[in-house]
Amino acid sequence: MTDAPMVGSMPTSAPSRGGATVFDVHDVSVHYGDFRAVRDVSMQVKQHQITAFIGPSGCGKSTMLRCFNRMNDLIDTARVEGDISYHGVDLYDPAVNPVEVRRRIGMVFQKPNPFPKSIYDNVAYGPKVAGAKGNLDDVVEQALQGAALWDEVKDRLKESGMSLSGGQQQRLCIARAIATDPEVLLMDEPCSALDPIATGRIEDLMVEIKERYTIIIVTHNMQQAARVSDRTAFFTTEVSEESDRRTGLLVEFSDTDKIFTNPADERTENYVTGRFG
Amino acid sequence: MSDLTTPAAYTLEDFRGSRKRMRTEHLVRAVLFLAALLSIVISVLIVASLVGEAWTFVSQVEAASLWSDGWFPRRGIYDIKTLLTGTLIVTVIAMAVAMPLGLGAAIYLSEYAPAGVRKLLKPVLEILAGIPSVVLGFFALTFLSPVIVQRLSSEATQFNIAAAGIGVGILTIPLVASISEDAMRSVPAALREASYGLGARKITTTIRVVIPAAVSGLVAAFIVAVSRAIGETMVVFIAAGATGGSLFSTDPFKPGQTMTAAIASQAAGTDQVRGAGLTFQSLFFVALLLFAITLVLNVLAGRFVQRVRQAY
Ligand SMILES: Nc1ncnc2c1ncn2[C@@H]1O[C@H](COP(=O)(O)OP(=O)(O)OP(=O)(O)O)[C@@H](O)[C@H]1O
Ligand SMILES: [Mg+2]
Numbered sequence: 001m002t003d004a005p006m007v008g009s010m011p012t013s014a015p016s017r018g019g020a021t022v023f024d025v026h027d028v029s030v031h032y033g034d035f036r037a038v039r040d041v042s043m044q045v046k047q048h049q050i051t052a053f054i055g056p057s058g059c060g061k062s063t064m065l066r067c068f069n070r071m072n073d074l075i076d077t078a079r080v081e082g083d084i085s086y087h088g089v090d091l092y093d094p095a096v097n098p099v100e101v102r103r104r105i106g107m108v109f110q111k112p113n114p115f116p117k118s119i120y121d122n123v124a125y126g127p128k129v130a131g132a133k134g135n136l137d138d139v140v141e142q143a144l145q146g147a148a149l150w151d152e153v154k155d156r157l158k159e160s161g162m163s164l165s166g167g168q169q170q171r172l173c174i175a176r177a178i179a180t181d182p183e184v185l186l187m188d189e190p191c192s193a194l195d196p197i198a199t200g201r202i203e204d205l206m207v208e209i210k211e212r213y214t215i216i217i218v219t220h221n222m223q224q225a226a227r228v229s230d231r232t233a234f235f236t237t238e239v240s241e242e243s244d245r246r247t248g249l250l251v252e253f254s255d256t257d258k259i260f261t262n263p264a265d266e267r268t269e270n271y272v273t274g275r276f277g
Numbered sequence: 001m002s003d004l005t006t007p008a009a010y011t012l013e014d015f016r017g018s019r020k021r022m023r024t025e026h027l028v029r030a031v032l033f034l035a036a037l038l039s040i041v042i043s044v045l046i047v048a049s050l051v052g053e054a055w056t057f058v059s060q061v062e063a064a065s066l067w068s069d070g071w072f073p074r075r076g077i078y079d080i081k082t083l084l085t086g087t088l089i090v091t092v093i094a095m096a097v098a099m100p101l102g103l104g105a106a107i108y109l110s111e112y113a114p115a116g117v118r119k120l121l122k123p124v125l126e127i128l129a130g131i132p133s134v135v136l137g138f139f140a141l142t143f144l145s146p147v148i149v150q151r152l153s154s155e156a157t158q159f160n161i162a163a164a165g166i167g168v169g170i171l172t173i174p175l176v177a178s179i180s181e182d183a184m185r186s187v188p189a190a191l192r193e194a195s196y197g198l199g200a201r202k203i204t205t206t207i208r209v210v211i212p213a214a215v216s217g218l219v220a221a222f223i224v225a226v227s228r229a230i231g232e233t234m235v236v237f238i239a240a241g242a243t244g245g246s247l248f249s250t251d252p253f254k255p256g257q258t259m260t261a262a263i264a265s266q267a268a269g270t271d272q273v274r275g276a277g278l279t280f281q282s283l284f285f286v287a288l289l290l291f292a293i294t295l296v297l298n299v300l301a302g303r304f305v306q307r308v309r310q311a312y
């Protein structure tokens, strides 16, 4: 995998602080029909960092994540307000083709969703739709290695991806996403169906590939957020004034160390110490 | 109630359940079984009624007249291949019309149409499905034949197989569209999301994910449409032009005869048919053949669908 242009654009500032701003989110709210699911989110996501989204169920983590690759376009009722730019380009500009966005910004979904195709074809799908020609064996093997699945499936690549266990399916989806070699990887609870060993390997993978990618991960696992992420965003819900439904909001976004050891907001502290609700 | 808190006091009686409920259950089961049985009995009766007369025909007919030239039962010429060829041509033309249009409509409705447009178009499709085939037969004869078929070929006669085939095709479009659309809509949204998430376009997603995942339903749509086309009578009866009999013909621009139309045109005057040689019995033979073909088609469809399911 040659990525000279990526190296060229590597920031000169301290690596631990991350580099250029990848996503600049300003005052974003998302509605599903009349229901406001998240409101007023502003944040900056830096290159070559792992950013974790944590917070109680229903606070809009998945909803926010899906804004970054225009996945919410696929939901008829969803409406995104505010600005999200990617390396300075307004992602929601009418001239932007969501297909181009998603080629650069890959996604692993909350529920494993392998295609009813062979394991091999699942992984090769992304490179193929991006126009890759010829033999993809190496790409497939590398991606499966990366997702810690290769050893389990190397003898049965022709079998259906649906025949795998839930945890294997999730790793297949991770392999499928990294096979396209995206610039950003959005991962929605990628380890929720995995055993501790596979989880460990996925975490290793994330740390390893953040040299090349930028990763945003949604997780319910505090230790995981603390272990792998550089920055953590804590979301919660609040009963909104206009309706009695709960709207999500971003409470605090800072270095992971700070969120877990010295959070500025009381709600964050209650959540990370397990005193939530 | 206090017994429930001390499991040690359970006896078999506690788990026997209400006898009355059990009896109702048995009764429901018996009624449902009878309903299922009745449909089997009816099918068997139909086949039995066909087999009797068909057997008379087969045992009495001269073998040579089964493979002569043309279908003229009143004259004792029972060339089955005339009917089979006519049926085949009509079916092929019908599928050539119905599959692309029906599938196209299904893809549009399921993948492209905004919710509002879909709500508007689906009832329109159902109206098309509700058009009586007599009406379509006349449409085929008075519009399709002069406006389309006779333009395509200057040789085409007014009554011709091609117009009938197109008519039958139009008749089966809603069937193909609605079964295919159901099949594609039942493909989980998560699979589409997976594809879009990997940077695939809509057309790529449709062709490489949705259609393969829906293939068993699409095959079902095809087979059902073929069965329908083979069994369609009125359109062919009116537009294909061969009343009573037909010469053997492979030319879609000429009149021809299908199995169903052959039965209909003779059965229109059953009284005269009875006693006119084996004419009456020959119709049963054709009907049995029709039944056999449809049966084989359905079994094949079942096999195919199963094989596809296993692959996934
Ligand atoms: N497609 C949708 N249509 C309508 N409402 C939705 C849709 N998807 C999510 N919501 C609502 O938006 C809110 C946020 O949902 P979201 O899935 O983003 O939460 P989450 O933080 O990811 O929760 P979890 O941790 O359980 O995955 C919830 O109230 C949910 O009911
Ligand atoms: Mg979620």
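Quick mapping for you: the protein sequence lines, in order, are chains A and B. Per this note's numbering, the first sequence starts with residue 1, numbered consecutively. Per this note's numbering, the second sequence starts with residue 1, numbered consecutively. C-beta: ideal position from N, C-alpha, C; glycine also. Being a predicted model, the structure only gives us computed values, none of them experimental.
Practice task
For Asn-69 of chain A, count neighbouring C-beta atoms within 10 Å of its own C-beta (all shown protein chains included) and say buried if the count is 16 or more, exposed if not.
Solution key: Per the 10 Å Cβ criterion, buried.
Exercise for the section: Please indicate yes or no: does the CB of Ser-62 of chain A lie closer than 6 Å to some heavy atom of ligand 2? Expected result: Yes, ligand 2 has a heavy atom inside 6 Å of this Cβ.
Practice task
With 9 Å as the limit, tell me which residues of the stretch 189 to 220 of chain B have their beta carbon closer than that to any beta carbon of chain A; keep them in chain order.
Solution key: Cβ contacts with chain A come from Ala-189, Ala-190, Leu-191, Arg-192, Glu-193, Ala-194, Ser-195, Tyr-196, Gly-197, Leu-198, Gly-199, Ala-200, Arg-201, Lys-202, Thr-204, Thr-205, Arg-208, Val-209, Pro-212 and Ala-213.
Problem - Buried/exposed call for Lys-61 of chain A, threshold 16 Cβ in 10 Å - result: Around the beta-carbon of Lys-61 of chain A, 16 or more other beta-carbon atoms lie within 10 Å, marking it buried.
Handout entry: Candidates A:Pro-98, A:Ala-78, A:Lys-128 and A:Thr-268, of which the one nearest Tyr-86 of chain A by Cα
Key = Comparing Cα positions, the closest option is A:Pro-98.
Practice task
Using only alpha-carbon positions, find the residue among A:Lys-158, A:Gly-58 and A:Thr-51 that is nearest to Asn-122 of chain A.
Solution key: For Asn-122 of chain A, the closest alpha carbon among the candidates A:Lys-158, A:Gly-58 and A:Thr-51 is that of A:Lys-158.
Practice task
Count the other C-beta atoms from every protein chain shown that fall within 10 angstroms of the C-beta of Pro-114 of chain B, then say buried if there are 16 or more, exposed otherwise.
Solution key: Exposed is the call here.
Problem - Start-to-end residues for the alpha helix (DSSP H) that takes in Leu-121 of chain B - result: Annotation for Leu-121 of chain B: the continuous alpha helix (DSSP H) segment containing it runs 115 to 130.
Handout entry: Three CB pairs or more closer than 8 Å across the stretch 170 to 184 of chain B and the stretch 127 to 134 of chain B
Key = Taking 8 Å as the limit for Cβ pairs, the verdict is that the stretch 127 to 134 of chain B does touch the stretch 170 to 184 of chain B.
Problem - Residue-chain proximity (Ala-264 of chain B, chain A), Cβ-Cβ < 7 Å - result: No, no contact with chain A.
Exercise for the section: Identify, in the order they occur along the chain, each residue of the same chain with its Cβ nearer than 8 Å to the Cβ of Gly-106 of chain A, setting aside the five sequence neighbours on each side. Expected result: Cβ within range, chain order: Asn-69, Gly-126, Ala-177, Ile-178, Thr-180, Pro-182, Val-184, Leu-185 and Leu-186.
Handout entry: Contact set for Ala-221 of chain B: own chain, Cβ-Cβ below 6 Å, skip 5 residues either direction
Key = Counting only Cβ-Cβ distances below 6 Å, and skipping sequence neighbours, we find Val-176, Ile-179 and Ser-180.
Handout entry: Proximity test, Cβ basis, 7 Å: Ala-115 of chain B and chain A
Key = Closer than 7 Å to some Cβ of chain A, the Cβ of Ala-115 of chain B qualifies, so yes.
Practice task
Using a threshold of 7 Å, state whether the C-beta atoms of Ala-140 of chain B and Val-90 of chain B are closer than that.
Solution key: The answer is no: Cβ separation not under 7 Å.
Handout entry: Chain-ordered chain B contacts of Asn-113 of chain A [CB-CB under 8 Å]
Key = Near Asn-113 of chain A (Cβ distances below 8 Å), the residues of chain B are Pro-188, Ala-190, Leu-191, Glu-193 and Ala-194.
Exercise for the section: Could you check what DSSP says for Glu-13 of chain B in three-state terms: helix, strand or coil? Expected result: Looking at Glu-13 of chain B - three-state DSSP - the assignment turns out to be helix.
Exercise for the section: Measure from the C-beta of Arg-102 of chain A to each C-beta in chain B and report whether the shortest distance is under 7 Å. Expected result: Residue contact check for Arg-102 of chain A against chain B: a CB pair falls below 7 Å.
Problem - Per-residue DSSP class, three states only, for Leu-295 of chain B - result: Of the three classes helix, strand and coil, the one that applies to Leu-295 of chain B here is helix, per DSSP.
Practice task
Could you tell me if the beta carbon of Cys-67 of chain A falls within a distance shorter than 6 Å of some heavy atom in ligand 4?
Solution key: As presented, the structure is devoid of ligand 4, carrying ligand 1 and ligand 2 as its sole ligands.
Handout entry: Touch test, the stretch 180 to 199 of chain B against the stretch 233 to 240 of chain B, Cβ-Cβ under 8 Å, three pairs minimum
Key = The stretch 180 to 199 of chain B, when compared against the stretch 233 to 240 of chain B, does not touch it at the 8 Å Cβ threshold.
Problem - Cβ neighbours of Phe-284 of chain B in the same chain (closer than 7 Å, five flanking residues each side left out) - result: Same-chain partners within the cutoff: Leu-50, Glu-53, Ala-54 and Phe-57.
Practice task
Check whether the Cβ atoms of Val-226 of chain B and Leu-136 of chain B lie closer than 7 Å to each other.
Solution key: In this structure, Leu-136 of chain B does not lie closer than 7 Å to Val-226 of chain B by Cβ.
Exercise for the section: Evaluate the contact criterion for the stretch 64 to 84 of chain B versus the stretch 294 to 303 of chain B: three or more CB pairs, one atom per stretch, below 8 Å. Expected result: Three or more beta-carbon pairs separated by less than 8 Å are not found between the stretch 64 to 84 of chain B and the stretch 294 to 303 of chain B, which leaves the two stretches without contact.
Problem - Per-residue contacts from Asp-76 of chain A into chain B (C-beta, under 9 Å) - result: Residues of chain B with a Cβ closer than 9 Å to the Cβ of Asp-76 of chain A are, in chain order, Pro-114 and Ala-115.
Exercise for the section: Please go through the stretch 20 to 93 of chain B and give each complete alpha helix (DSSP H) segment of 4 or more residues, from N-terminal end onward. Expected result: Qualifying alpha helix (DSSP H) stretches: none in this window.
Practice task
Compare the C-alpha of Phe-138 of chain B against each of B:Thr-294, B:Gln-158, B:Pro-73 and B:Val-97 and name the closest.
Solution key: Ranking the options by Cα distance to Phe-138 of chain B, first place goes to B:Gln-158.
Exercise for the section: Alpha carbon to alpha carbon, how far is Thr-273 of chain A from Leu-205 of chain A? Give it in angstroms, no decimals. Expected result: The straight-line gap separating the alpha-carbon atoms of Leu-205 of chain A and Thr-273 of chain A is approximately 27 Å.
Handout entry: Touching by the beta-carbon criterion (3+ pairs, under 8 Å), the stretch 72 to 80 of chain A and the stretch 38 to 45 of chain A
Key = Inter-segment contact for the stretch 72 to 80 of chain A and the stretch 38 to 45 of chain A is absent: fewer than three beta-carbon pairs are separated by less than 8 Å.
Exercise for the section: With 7 Å as the threshold, decide whether the Cβ of Val-140 of chain A is near any Cβ in chain B. Expected result: It does not; no Cβ of chain B falls within 7 Å.
Practice task
Could you spell out where the alpha helix (DSSP H) holding Ile-170 of chain B opens and where it closes?
Solution key: Note, Ile-170 of chain B: alpha helix (DSSP H), 161 to 185.
Exercise for the section: Could you tell me if Tyr-10 of chain B is buried or exposed, where buried requires 16 or more neighbouring beta carbons within 10 angstroms of its beta carbon? Expected result: The Cβ neighbour count for Tyr-10 of chain B, taken over all protein chains shown within 10 Å, is under 16; the residue is labelled exposed.
Problem - Interfacial residues, the stretch 72 to 96 of chain A to chain B, with Cβ spacing under 8 Å - result: Taking 8 Å as the Cβ-Cβ cut-off, the stretch 72 to 96 of chain A approaches chain B at Leu-74 and Asp-76, given in chain order.
Exercise for the section: Below 6 Å CB to CB, which residues in the same chain sit around Ala-193 of chain A once its five sequence neighbours on both sides are set aside? Expected result: The residues are Gly-166, Gly-167 and Gln-170.
Exercise for the section: Given a cut-off of 7 Å, decide if Ala-198 of chain A and Ala-282 of chain A are closer than it, judged by their beta-carbon atoms. Expected result: Because chain A is modelled from 1 through 277, residue 282 of chain A falls outside the range shown and cannot be assessed.
Handout entry: DSSP state of Phe-53 of chain A mapped onto helix, strand, coil
Key = Strand at Phe-53 of chain A.
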